[in-house]
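See structure below.
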Amino acid sequence: MPCLAPGARARPRPPRPASAVAPRGPASGRYGPSAPAAGRRPRPPSGTPSRGLEEAAGFAGQAARRTLRATEAYLTVLGCELRAPVRALGTHAVRPAAAAFTVADGALPDGTDDRPLTGDVTAAAGPLPPLAQW
């Protein structure tokens, strides 16, 4: 910065002419097809043409694999659904006489104390296949 004499004021710069101001925005050439972009090659398509083969392919195999994976999740959900009523009915003095309750109650651990129920849910998944036959 230039030194000024005491009491002197700095003169403001004169405005630049409009032709000297750099253009801004998408039409400026910075962001659109400009010199840097002109040297690039066009990209190949992102997908490979399938030549119509996917129309003849079925999704039965994929559906079967996903169904097998979903079965494990369903066993967990059904185990939770089985554990809750067995635990609730087990707290009553009079036990139900249903055979399904006897099978489920025999497979599940006793106790009403607070604890992680992961083991209970895993144990509840055990009697589900025999119960499904009824």
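First residue of the sequence shown? That's 8 in this note's numbering, and the numbers climb one at a time after it.
Glycine included, every Cβ here is placed at the ideal spot set by N, Cα and C.
Test item: CB-CB of T83 and A132 under 8 Å: Working through the sequence shown from its first residue, we reach residue 83 at position 76. Working through the sequence shown from its first residue, we reach residue 132 at position 125. Yes, the pair counts as a contact, with Cβ atoms nearer than the cut-off.
The segment 86–93 / the segment 108–124 touching (three or more Cβ pairs under 8 Å): yes
Every unbroken beta strand (DSSP E) inside the segment 76–112 [3 residues or more]: Entirely contained in the segment 76–112, not one beta strand (DSSP E) run reaches 3 residues.
Beta-carbon proximity of L138 to A111, cut-off 8 Å: One-based indexing of the sequence shown puts residue 138 at position 131. One-based indexing of the sequence shown puts residue 111 at position 104. Taking 8 Å as the Cβ cut-off, L138 and A111 qualify as a contacting pair.
Helix, strand or coil at A17 according to DSSP, with G and I counted as helix: In the sequence shown, counting from the first residue as 1, residue 17 sits at position 10. Of the three classes helix, strand and coil, the one that applies to A17 here is coil, per DSSP.
Alpha helix (DSSP H) segment containing P116, residue limits: Within the sequence shown, numbered from 1, the residue matching residue 116 stands at position 109. Careful: P116 lies outside any alpha helix (DSSP H) and carries neither H nor E.
Limits of the alpha helix (DSSP H) - the one that P137 falls within: To locate residue 137, count along the sequence shown from 1; it is residue 130. From DSSP, the alpha helix (DSSP H) with P137 extends over L135 to A139.
Exposure of A114, with buried meaning 16 or more beta-carbon neighbours within 10 Å: Against the sequence shown, residue 114 aligns to sequence position 107. When all chains shown are included, A114 counts as buried.
Where the alpha helix (DSSP H) through D127 begins and ends: In the sequence shown, the residue the question calls residue 127 occupies position 120. T125 to A132 is the span of the alpha helix (DSSP H), which, as asked, contains D127.
Neighbour-count burial assignment, P134, 16 or more Cβ in a 10 Å radius: Locating residue 134 in the sequence shown gives position 127, counting from the first residue. Answer is buried; the Cβ neighbour count reaches 16.
Which of helix, strand or coil DSSP assigns to R122: Along the sequence shown, read from residue 1 onward, the residue named residue 122 stands at position 115. DSSP places R122 in coil when its eight states are reduced to three.
Secondary structure of G65, DSSP reduced to three states: The residue given as residue 65 occupies position 58 in the sequence shown. The answer is coil: DSSP assigns G65 none of H, G, I, E or B.
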